[in-house]
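All letters in the sequence shown, in the order written, are residues 4 to 118 by our numbering.
Quick notes on the structure that follows.
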Amino acid sequence: MSRVKRVAVTSPQTRLARSRPRARGRWRVPRLAASDAERADLLYRAQRRGGLPALAGMFGLVFGLPLVFGIFPGLDSVRLAGIPLSWLMIAILPYPAMALLSWWQLRRAEKIEDE
């Protein structure tokens with residue numbers, strides 16, 4: 004029994020990408036000038052501090068909803084259009100709230116960079 008030679012089938016884009024010459028040598032992390040590195044570090048720290056309220060809001064949203072349902076079990080009996088209010092709160096409420104939190108955090112981070 005003879006063996007059938009295996010052939011690798013690739014797209015033309017893959018063949019083109021593999022045929023390009025590759026950069027030789029090791030890639031090195033670019034080094035910043037001392038003043039730029041200091042500014043980048045200050046920005047990093049300020050944005051990390053500024054992100055804590057948004058992170059706390061996200062945790063409050065994700066972990067707060069189950070607490071609300073535990074404290075107010077009657078929300079299961081309240082219905083809007085035949086759907087329990089608790090289901091609507093889980094399915095609909097988090098997404099606009101997360102979008103608002105992310106928008107708010109982005110504006111704050113941009114403000115820190117502009118200063």
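In this text, a Cβ means the ideal position worked out from N, Cα and C, and glycines have one as well.
For ASP39, the enclosing alpha helix (DSSP H) has its first and last residue at 37 to 74.
Two segments are said to touch when three or more pairs of C-beta atoms, one from each, lie closer than 8 Å; by this definition the segment 98 to 117 does not touch the segment 73 to 84. Straight-line spacing of the CA atoms in ARG29 and ALA37 works out to 23 Å. In this structure, the CA atom of ALA49 is about 22 Å from the CA atom of PRO33.
Inclusion of GLU116 and LEU46 in the CB contact set at 9 Å is warranted, their separation being smaller than that value. Counting other Cβ atoms within 10 Å of its Cβ, LEU83 stays below 16 and is therefore classed as exposed.
The residue from LEU70, GLY54, ALA94 with its alpha-carbon nearest to that of ARG110 is GLY54. Contact annotation: THR13 and ARG21 have beta-carbon atoms nearer than 9 Å.
Under the three-state reduction of DSSP, ARG23 is assigned to coil, being neither helix nor strand.
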